Every structure is written in C-alpha cells, then in structure tokens.
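First up is the structure itself, then whatever we jot down about it.
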Amino acid sequence: MKVLLCLVCSFYIIVSSITTMTTGTPSMPAINRQTLYLAAYSSKLFSWNVGCVKTRHLSQEGDWVTRSLIYVFTFDKKPWETKADAFKVKWEPYSPLLRVQASDYVKYNLRAKPEYFIRTYDDDFLLLSDVKESRSPCSLWVTLKYVERIPETINRTFYANCPDPVTVPFDERCYP
357 MKVLLCLVCS FYIIVSSITT MTTGTPSMPA INRQTLYLAA YSSKLFSWNV GCVKTRHLSQ
417 EGDWVTRSLI YVFTFDKKPW ETKADAFKVK WEPYSPLLRV QASDYVKYNL RAKPEYFIRT
477 YDDDFLLLSD VKESRSPCSL WVTLKYVERI PETINRTFYA NCPDPVTVPF DERCYP
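Taking the numbering used here, I'd label the letters of the sequence shown as residues 357 to 532.
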C-alpha cells in the first residue's frame, strides 16, 4: 500500500512539474520591464482632460518597483501637454493585491489608491479593481501587443467584472 501511495505521489509531482514547465507562471506586468498602456476602464474613473495613459518601468529597489506614469493632460492645448510622475508598486507572488505608493499629486488628480485587487493578469495584460467591492471600478492595462486589439477572453473578463466599461480608442499619437 505504501509503495502504491509513493508511486501515485511521484506521478503527481512529475506531472505537475511538466505542466509548470510547459505552461509556466505568467510574469506580473506591473513589476516587469514592459510598458503598459491603459486600454479600458470603468466610466466612474473617467477624467475628461487626461488621456494617452501609460506606465514604464524605471528601477527596482528590494520588493518595490518604481514606474513612471506618463499621460497627456488637457487635450484643448496644442501641442498636447505631456505629464509624468513616478510611483512605486509592490506585488508579492500569488498575492491578490498590488500595493501602490504614489505622490499626493497622483493620488488627488488621478485618484490613485494604496491598494488594488488583481482580477487577472498574464504576461501582456493586467486587470485591476478597487479592493472593497465585488463589482468595483476597474482598469485594464495592456502591453503594446494588445493596444490595437484586445483578445476576446480578456475583453469578456473586463466586461463581466467591471461596471460601465469604456475602452480607450486607439490613437497612434499616443504610442510612439
């Protein structure tokens, strides 16, 4: 009986390691080096004078990653006025929370929160929402790979989980 149990356990370990090797764990976009673009959000998060929002990796110190938040402010002006501010993010592997340290300016003007719930992610997208509610305002961030066309599975997840969804129209001026 013990031999059979050991064989079953060994088989399970081998199969699970093969599965992990072939599928792998996706990397968390918020802490890797890729640029992320705001692709969609809940209408409650809309700011009429903010657009072309993206975030780039700047550095890492310990568990905290510093990213820049780059956006166009006030579309009425020509040329557009680009703003940038740094913020820090921390994610512990497999945690459902993304911790954020932002400047007072970003907290007040762009309504950044200290924590976000990670609804889902993979190497090329990240769906965040407020922590408190089950159907709370969301933001969908994607890499350049998905800027023009968001895959159907991601889109369905976004529309199912986020109230009053709004997609950001593709504007090539935003993606140099």
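We treat Cβ as the ideally placed atom computed from N, Cα and C, and that holds for glycine.
These numbers come from a predicted model, not from an experiment.
Check your understanding: Looking at the structure shown, is Ile387 part of a helix, part of a strand, or coil, going by DSSP?
Key -> Collapsing the DSSP output to three states places Ile387 in coil.
Review point. Hey, quick one: how far does the alpha helix (DSSP H) through Val462 stretch, first residue to last?
Key: In the DSSP assignment, Val462 falls within the unbroken alpha helix (DSSP H) covering 460-465.
Check your understanding: When the distance is taken between beta carbons, is Pro385 closer than 8 Å to Leu595?
Key -> Because the chain is modelled from 357 through 532, residue 595 falls outside the range shown and cannot be assessed.
Exercise for review: Count the other CB atoms, across all protein chains shown, that sit within 10 Å of the CB of Arg505; report buried if there are 16 or more and exposed otherwise.
Suggested key: Residue environment analysis places Arg505 among the exposed positions, since fewer than 16 neighbouring C-beta atoms fall within 10 angstroms of its C-beta.
Exercise for review: Answer with buried or exposed for Lys472, where buried requires no fewer than 16 other C-beta atoms within 10 angstroms of its C-beta.
Suggested key: Here residue 472 is Tyr; the residue named in the question, Lys, does not match the sequence. Burial check for Tyr472: the Cβ neighbour count within 10 Å reaches 16 or more, so the residue is buried.
Check your understanding: Alpha carbon to alpha carbon, how far is Lys439 from Asp486?
Key -> Rounded to whole angstroms, the gap between the alpha carbons of Lys439 and Asp486 is 24 Å.
Exercise for review: Can you tell me which of the three DSSP states Lys501 falls into?
Suggested key: Helix, per DSSP.
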